[in-house]
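Residue numbers (our numbering): 322 to 458. Just so you know, even glycine gets a beta-carbon here, dropped at the ideal spot from N, CA and C. Contents: one structure, followed by commentary.
Set out below in structure tokens:
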């Protein structure tokens with residue numbers, strides 16, 4: 322089970338684009354759909370069966386969730402400055418912890434979709450008959 326960083330980054334970009342566009346149309350379902358589609362793309366590009374696709378899809382989802390959590394923590398810390406330095410610290414930490422929990426919850430569907438993508442790519446590559454094999458039969 323290897324990490325294909327190209328597949329993970331492409332899956333992350335797909336996740337951001339689909340999640341942003343889908344989040345406008347259907348706020349919660351669009352964001353989850355972005356994670357599922359991005360995980361599937363990462364798993365399919367990585368290939369190597371269900372386990373490898375699951376791993377790469379999970380990484381794409383976790384990467385997206387991690388970036389979101391850090392951005393939300395920064396925004397929470399800025400908003401928390403109204404309550405003073407201690408309020409800013411508490412707001413930032415609270416949002417960061419919540420963001421990591423949400424990132425984990427969004428990474429799970431991405432990983433499952435990535436596993437399906439890797440499995441589909443693996444089953445397609447086994448079903449192909451080479452031209453040289455068909456002429457020898």
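1. Under the rule that 16 or more other beta-carbon atoms within 10 Å means buried, what is residue 430, buried or exposed?
2. Is it true that the CB of residue 439 sits closer than 9 Å to the CB of residue 375?
3. I need the DSSP call for residue 369, collapsed to helix, strand or coil.
4. Cutting at 6 Å between CB atoms, please list the residues of its own chain near residue 396, excluding the five before and the five after it.
5. Do residue 378 and residue 435 count as a contact pair if the criterion is CB distance below 9 Å?
6. Going by other Cβ atoms of all chains shown within 10 Å of its Cβ, with 16 needed for buried, is residue 416 buried or exposed?
7. Could you tell me the distance, in whole angstroms, from the CA atom of residue 442 to the CA atom of residue 325?
8. Which of the three DSSP states, helix, strand or coil, is assigned to residue 322?
9. Could you say which of 403, 386 and 391 lies nearest to residue 317 if we only look at CA atoms?
10. For the region 342-423, list the alpha helix (DSSP H) runs that are entirely contained and at least 4 residues long, ordered along the chain.
11. What does a CB cutoff of less than 8 Å around residue 352 pick up in its chain, not counting 5 residues either side in sequence?
Taking the definition as stated:
1. It counts as buried.
2. yes
3. coil
4. Excluding residues within five positions, none has a Cβ falling inside 6 Å.
5. Their beta carbons are under 9 Å apart, which means residue 435 touches residue 378 by this criterion.
6. buried
7. 14 Å
8. coil
9. Any property of residue 317 remains undetermined from this structure, which presents the chain solely from 322 to 458.
10. When DSSP assignments are scanned along the region 342-423, the uninterrupted stretches of alpha helix (DSSP H) that are 4 or more residues long and fall wholly within it turn out to be 348-367 and 371-401.
11. 340, 343, 344 and 427
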